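Undergrad: Residue numbers (the working numbering): 741 to 886.
Glycine included, every Cβ here is placed at the ideal spot set by N, Cα and C.
As the structure is a computational prediction, the values presented were derived from the model and not from experiment.
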């Protein structure tokens, strides 16, 4: 009798543009794979909200194979030798697959091109205002107190 290890096969129903970020983290990770997983998790955390603001669903999966249901059609995806990447799909479009870890900006650019939308990774951060009548050395526009 053979022993088999099975990954639970996740099925994702596609109703709008979707990016599925996948990484097979179940293996005994070598140090370089651990670094790749750290980068993958970091960049996924950065790009997910950006894609969602652009109307693109973003899903992260721990595993390198899954099912995609698109209308009445179900596709099964199994990654090749590279077990990390991004599966882009939308109703009416064939899937596009990118292998390897991508930065948030790179993935946003690929998604924008594939889905034909504008995806901005620019995040405006509020800066504290100087006290009235004072200026900081990095803010030449404020009048200096005399």
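(1) Residue 838: which of 850, 830, 844 sits nearest, CA to CA?
(2) Express the C-alpha separation of residue 841 and residue 779 in angstroms, rounding to a whole number.
(3) Step through the CB atoms of chain D and report whether any lies within less than 9 Å of the CB of residue 759.
(4) Alpha carbon to alpha carbon, how far is residue 801 from residue 776?
(5) Have a look at 754, 750, 749 and flag the residue whose alpha-carbon is nearest the alpha-carbon of residue 809.
(6) If you count every other CB in all the chains shown that lies within 10 Å of the CB of residue 790, and 16 or more means buried, which is it?
(7) If the criterion is Cβ atoms closer than 9 Å, does the pair residue 787 and residue 798 meet it?
(8) With a 10 Å radius around its C-beta and 16 neighbouring C-beta atoms as the bar for buried, classify residue 822 as buried or exposed.
(9) Comparing C-alpha positions only, which one of 804, 856, 846 sits nearest to residue 784?
(10) Once the 5 residues before and after residue 758 are set aside, which same chain residues still bring their CB inside 6 Å of it?
(11) Give the straight-line distance between the Cα atoms of residue 812 and residue 831, rounded to the nearest whole angstrom.
TA: So, from the data block:
(1) 850
(2) Roughly 7 Å separates the two Cα atoms.
(3) No chain D appears in the structure shown, which is made up of a single protein chain.
(4) Spanning the two alpha carbons is a distance of roughly 15 Å.
(5) 754
(6) buried
(7) yes
(8) exposed
(9) 846
(10) 797, 829
(11) 11 Å
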